[in-house]
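**Student:** Chains as they are written, first to last, in this note's numbering: chain H, 448 to 616; chain E, 448 to 616.
From the three backbone atoms N, C-alpha and C, an ideal C-beta is built for every residue, glycine too.
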DNA sequence: CTTGGAATGTCAACAAGACTGACGTATTTT
DNA sequence: AAAATACGTCAGTCTTGTTGACATTCCAAG
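1) If you follow the beta strand (DSSP E) that residue 545 (chain H) is in, where does it begin and where does it stop?
2) Verify the CB distance criterion: does residue 580 (chain H) have a CB-CB separation below 8 angstroms to chain E?
3) My output table needs one value for residue 583 (chain H): the three-state DSSP class, helix, strand or coil.
4) Using a Cβ-Cβ cut-off of 6 angstroms (strictly less than) and excluding sequence neighbours within five positions of residue 563 (chain H), which residues of its own chain qualify?
5) Any idea what DSSP makes of residue 470 (chain H), helix, strand or coil?
6) Let me know the secondary structure DSSP gives residue 557 (chain E) once reduced to three states.
7) Would you call the CB atoms of residue 483 (chain H) and residue 601 (chain E) closer than 8 angstroms?
8) Under a CB-based cut-off of 8 angstroms, is residue 591 (chain E) close to chain H?
9) Determine, for residue 538 (chain H), whether the minimum Cβ-Cβ distance to residues of chain E falls below 8 angstroms.
10) Which residues, in order along the segment 523-534 of chain E, keep a beta-carbon less than 7 angstroms from a beta-carbon of chain H?
11) Taking the alpha-carbon positions, what's the residue 507 (chain E) to residue 586 (chain E) distance?
12) Here's a check: name, in chain order, each residue in its chain whose Cβ is nearer than 8 angstroms to the Cβ of residue 590 (chain E), leaving out the five neighbours to either side.
13) Which residues in chain E have a C-beta closer than 8 angstroms to the C-beta of residue 483 (chain H)? List them in chain order.
14) Any beta carbon from chain H within less than 8 angstroms of residue 512 (chain E)'s own beta carbon?
15) Run through DSSP, which three-state label would residue 611 (chain E) get?
16) Pull the bridge partners of residue 515 (chain E) from the DSSP assignment, please.
17) Would residue 596 (chain H) pass as an interface residue toward chain E - the criterion being a Cβ-Cβ separation below 8 angstroms?
18) Below 8 angstroms, can you find three or more Cβ-Cβ pairs linking the segment 500-516 of chain H to the segment 470-479 of chain H?
19) Run the CB neighbour count on residue 608 (chain E), radius 10 Å, all protein chains shown included, and call it buried at 16 or more, exposed below.
20) Which of the three DSSP states, helix, strand or coil, is assigned to residue 525 (chain E)?
21) Tell me whether residue 598 (chain H) sits in a helix, a strand or coil according to DSSP, three-state version.
22) If you follow the alpha helix (DSSP H) that residue 500 (chain H) is in, where does it begin and where does it stop?
23) If you draw a straight line from the C-alpha of residue 533 (chain H) to the C-alpha of residue 521 (chain H), how long is it?
Next up, the structure:
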């Protein structure tokens with residue numbers, strides 16, 4: 448509360464970008480941009496009885512083929528029961544395969560089938576197209592700043608997951 | 448599909464930041480960052496029988512006091528039935544007031560009560576605190592880039608709403 | 001070797017929050 | 001007077017999150 452305007456009052460002018468008003472703009476930008484970010488895949492998914500949750504599962508299984516349910520759980524940040532429902536439909540529909548682990552038979556290793564990869568491509572293409580347009584319009588320096596801010600905005604656990612994913616490639 | 452790697456193949460090196468891999472990273476950064484972005488308000492709301500939907504309504508009523516239901520509908524991008532459920536509880540609980548319009552009596556003008564403003568402050572402070580940390584760590588140039596990319600990522604309608612809100616202040 | 005606890009995953013039931021469709025009412029516009 | 005607009009509401013559905021209970025598997029301590 449009292450913390451609010453103390454930023455620019457205390458430090459002259461170099462920190463003008465930290466005013467409450469600037470922060471509020473950032474918050475709203477985040478809100479509106481996220482809507483755009485998910486709009487295209489949502490449109491594709493609607494009508495095929497899948498939703499955003501399916502998209503997320505497909506995305507990360509694609510990135511880490513053979514990953515376990517537990518692994519996916521940590522990345523997605525939902526309960527295993529919630530993930531399971533999504534996974535079940537994907538497996539039933541032949542988009543994902545689930546193999547019992549060799550060393551640890553409790554684990555299930557998840558992989559996309561050909562059909563799964565095809566859908567992943569379709570969704571990914573749509574989402575990347577928007578991203579690419581945004582990146583191109585903004586230019587490389589803006590993109591660098593964009594990523595820097597997003598990374599500082601993550602929870603530490605999420606940042607770890609994010610970095611781990613990047614390193615794995 | 449075939450469009451994928453054509454970016455860097457076609458244009459030498461200046462467009463390396465537009466590779467599929469770079470875009471994929473951006474997508475994941477967006478996903479993880481948005482989780483962090485909503486985490487703090489979500490934590491506050493949980494247990495008070497409110498959710499993210501209430502937060503959004505409160506946020507925009509605070510920013511545009513006296514706004515109408517229709518206005519809010521356009522900004523939030525949900526159906527009136529959905530918004531109504533949220534609004535009803537907020538009004539019942541004395542956080543929002545609804546006044547019949549003076550010039551057009553069909554309209555309802557929405558305003559936060561003192562209690563509503565108090566909750567808005569609490570939520571806003573939490574969200575801004577994270578935003579401020581992220582901004583401070585990233586620095587002013589990164590923040591500028593961040594906003595540029597987010598704005599290019601919005602749907603045109605959303606961008607219009609976003610800009611309009613900014614101008615109104 | 002057995003047994004109890006921890007880890008992994010599945011099934012069932014429920015809640016929040018989004019959606020559609022239909023309808024009622026008051027008010028404004030044509 | 002009729003049509004359109006703004007708002008509220010009821011009923012029903014869907015997605016996606018939750019908790020609770022349970023089966024299977026693994027591992028380690030007795």
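**Tutor:** On the basis of the coordinates in this document:
1) 543-547
2) yes
3) helix
4) 542 and 543
5) helix
6) strand
7) yes
8) yes
9) no
10) 524
11) 27 angstroms
12) For residue 590 (chain E), the CB contacts under 8 angstroms within the same chain, skipping 5 residues up- and downstream, are 582 in chain order.
13) 600, 601, 602 and 605
14) no
15) helix
16) According to DSSP, which records beta bridges pairwise, residue 515 (chain E) is partnered with E:556.
17) yes
18) no
19) It counts as buried.
20) It is coil, neither helix nor strand.
21) helix
22) 499-510
23) Using only the alpha carbons, I get a separation of about 15 angstroms.
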